[in-house]
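Visitor: The structure's right below; bear with me while I get my questions together.
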Amino acid sequence: MVREIFYTAVKYNEDGNTQHASGVTRQPDWPALKRELAKQGFRIKSWFLIDESPLIPV
Numbered sequence: 643m644v645r646e647i648f649y650t651a652v653k654y655n656e657d658g659n660t661q662h663a664s665g666v667t668r669q670p671d672w673p674a675l676k677r678e679l680a681k682q683g684f685r686i687k688s689w690f691l692i693d694e695s696p697l698i699p700v
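Numbered by the numbering used here, the letters in the sequence shown go through residues 643 to 700 in order.
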């Protein structure tokens, strides 16, 4: 079963503008991605775990 995370992030610039980022990453890669986004000044606004298990058993 592959688990992925969908995330949205925002960066507040000194001039008052904002930058937004969003994407999907594998669950094992999530901690490293959060650290990298933080280094770039982004804050995680929301994230959701995506479980790709089938809805109907095969």
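Ideal Cβ placement from N, Cα and C applies to all residues, glycine included.
From what residue to what residue does the alpha helix (DSSP H) around Gly-656 run?
Guide: Per the sequence presented here, residue 656 reads as Glu, with Gly not at that position. Annotation for Glu-656: no alpha helix (DSSP H) segment contains it, and DSSP assigns it neither H nor E.
Visitor: Which term fits Phe-648, buried or exposed, when burial requires 16 or more other beta carbons within 10 angstroms of its beta carbon?
Guide: exposed
Visitor: Which one of Val-644, Ala-651, Glu-646, Arg-645 has the shortest CA to CA distance from Ser-688?
Guide: Of the candidates Val-644, Ala-651, Glu-646, Arg-645, the one whose C-alpha sits nearest the C-alpha of Ser-688 is Ala-651.
Visitor: Cα-Cα, which of Asp-693, Arg-685, Leu-691 is closest to Ala-663?
Guide: Arg-685
Visitor: Can you name the residues that DSSP bridges to Leu-679?
Guide: Answer is none; Leu-679 lacks a bridge partner.
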